[in-house]
Amino acid sequence: MSEAVLTGKALDIGYEAKPNPKVILRNLNLELYAGELVALLGPNGVGKSTLLRTLAGLQAPLGGAVQLKGDAIQNYSPVERARELSLVLTESVQAGNLRVRELVALGRFPHTGWSGKLGDADLKKVEEAIAACRIEYLANSRVFEISDGQRQKAMIARALAQDGPVMLLDEPTAHLDLPNKGEIMHLLHGLARDLGKAILVSTHDLQLALQMADRLMLADCVEPLETGAPEDLMLTGRVARLFDHPQFMLDARTGQYRIRREEGEPIAVEGPETALHWLTVALEKHGYLVQAEANRRIVVREAAGFSFLLGDREFSTIAALLSYLEATQ
Numbered sequence: 005m006s007e008a009v010l011t012g013k014a015l016d017i018g019y020e021a022k023p024n025p026k027v028i029l030r031n032l033n034l035e036l037y038a039g040e041l042v043a044l045l046g047p048n049g050v051g052k053s054t055l056l057r058t059l060a061g062l063q064a065p066l067g068g069a070v071q072l073k074g075d076a077i078q079n080y081s082p083v084e085r086a087r088e089l090s091l092v093l094t095e096s097v098q099a100g101n102l103r104v105r106e107l108v109a110l111g112r113f114p115h116t117g118w119s120g121k122l123g124d125a126d127l128k129k130v131e132e133a134i135a136a137c138r139i140e141y142l143a144n145s146r147v148f149e150i151s152d153g154q155r156q157k158a159m160i161a162r163a164l165a166q167d168g169p170v171m172l173l174d175e176p177t178a179h180l181d182l183p184n185k186g187e188i189m190h191l192l193h194g195l196a197r198d199l200g201k202a203i204l205v206s207t208h209d210l211q212l213a214l215q216m217a218d219r220l221m222l223a224d225c226v227e228p229l230e231t232g233a234p235e236d237l238m239l240t241g242r243v244a245r246l247f248d249h250p251q252f253m254l255d256a257r258t259g260q261y262r263i264r265r266e267e268g269e270p271i272a273v274e275g276p277e278t279a280l281h282w283l284t285v286a287l288e289k290h291g292y293l294v295q296a297e298a299n300r301r302i303v304v305r306e307a308a309g310f311s312f313l314l315g316d317r318e319f320s321t322i323a324a325l326l327s328y329l330e331a332t333q
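Have a look at this one:
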């Protein structure tokens, strides 16, 4: 494996305070490599944003060291650091009346020198970033005119225009609808794979992280920071421990978060896979224990739609079946 682009060694992160600093997480060791998308997961308040700001050099660690391309990050000037590393935070964009192309172009200013003037090479980088994020159709729109998802892609394009090897993003999918969440994570995965960027993204979207990330980085206040392939961390139960809750559980097979339920009346089901999945969801929601064998069995048939057979009765919808079950309890 190639050398890590960004590392944290024995990091203590938190805030300077009197009389004693406030340490949020201690003794963190991590590495970020070119060409990979890493998802940082952890509960609210655990210090994910603080970790990103520390890795970006915006605040000093309370202990340990951050190294960028093998050199201590504090040895970089702000401009030098901006040429190597871009950071997208959760704060709302104060872009005034800027057009999207102008917002993206701000990413080139660390490369322009004292004049601040964009040359042909800079303009080319801006257009390449816009194209990579697939927002050409927005380039001439005012930033205040576009949606939250579009604005997030514009901010990623600005970070990409900086053309550094490292991109750090703090909850880029927050407040977005499901299609936009998926599109943003798919975009970041492609940027890592196709352009060789080292990308670290904090997120609460476990399902997307499991599907898109090359590695997970799990942070909590109980166990040490742990990294690994999503599939390995699911199999070891580490992800389940991170999200342990008295009312919810993580399904180790599917990665879905499920409500813990008391075992109710057993009922068996058989039929096409998709219909069985949603029938099982509905039955468990209403307190039934779905298992392979039981005194009562529901058979799903598929013809011009689905039908649900319970004994000698047939129902055209799951809702009708549930109403009957409730009435005959």
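Per the working numbering, the sequence shown starts with residue 5, numbered consecutively. Just so it is clear, CB atoms sit at the ideal spot from N, CA and C, and this is done for glycine as well.
For E40 against D167, the beta-carbon gap comes to about 18 Å, at or over 8 Å, which does not count as contact. For P183, the enclosing alpha helix (DSSP H) has its first and last residue at 182 to 199. Beta-carbon to beta-carbon, P176 and I160 are separated by about 7 Å, close enough to satisfy the 8 Å threshold. Three or more beta-carbon pairs drawn from the stretch 186 to 201 and the stretch 40 to 49 are found closer than 8 Å, and the two stretches are therefore classed as touching.
The Cβ atoms of S145 and R103 sit closer than 8 Å to each other. In the three-state reduction of the DSSP assignment, G111 falls in the helix class.
Contact check between the stretch 200 to 208 and the stretch 114 to 131: fewer than three CB pairs, one atom from each, fall below 8 Å, which does not count as touching. Straight-line spacing of the CA atoms in G18 and T58 works out to 9 Å.
Between A60 and L172, the gap from beta carbon to beta carbon is short of 8 Å. Here Q71 carries a strand assignment [DSSP, helix/strand/coil]. Counted as a single uninterrupted DSSP element, the alpha helix (DSSP H) harbouring A213 occupies residues 210 to 216. Of all alpha-carbon atoms in E267, S311, L210, N101, the one lying nearest the alpha-carbon of G186 is that of L210.
Rounded to whole angstroms, the gap between the alpha carbons of S327 and T94 is 45 Å. Around the beta-carbon of R162, 16 or more other beta-carbon atoms lie within 10 Å, marking it buried.
Look at the beta carbons and you see the stretch 64 to 80 touching the stretch 7 to 21: at least three pairs across the two are nearer than 8 Å. Counting along the chain, G153 sits inside the alpha helix (DSSP H) bounded by residues 152 to 165. From the listed residues A244, T116, P228, H290, the smallest Cα separation to E235 is found for A244. Annotated as distal: L222 and L191, with beta-carbon spacing of 8 Å or more. Going by C-alpha positions, P228 is about 8 Å away from N31. Taking 8 Å as the cut-off, the beta carbon of R300 is found no closer than this to the beta carbon of L313. Using a 10 angstroms sphere on the CB of C137, the tally of other CB atoms reaches 16 or more, which defines it as buried.
When DSSP states are grouped into helix, strand and coil, K13 belongs to the strand group.
Counted as a single uninterrupted DSSP element, the alpha helix (DSSP H) harbouring E88 occupies residues 82 to 88.
Between Q295 and P270 a beta carbon distance of about 5 Å is seen, short of the 8 Å cut, so the two are scored as contacting. Scanning its chain for C-beta atoms nearer than 6 Å, with the 5 sequence neighbours on each side dropped, one finds around G153 the residues L180, N184, in chain order.
Within the DSSP secondary-structure output, M171 pairs in a beta bridge with S90, I203. Secondary structure of S311 (DSSP, three-state): strand. S311 and S320 have their C-alpha atoms some 5 Å from each other. Under the three-state reduction of DSSP output, K26 falls in the strand class.
Per DSSP, E274 is one residue of the beta strand (DSSP E) stretching across 270 to 274.
In the three-state DSSP reduction, R262 falls in the strand class (E or B). Shown here, N79 sits in a helix according to DSSP, grouped into three states. Residue burial annotation: Q98 is exposed, with fewer than 16 other C-beta atoms found within 10 angstroms of its C-beta.
The residues V97, V147, in chain order, have a CB closer than 8 Å to that of R155 in the same chain once the five nearest residues on each side in sequence are set aside.
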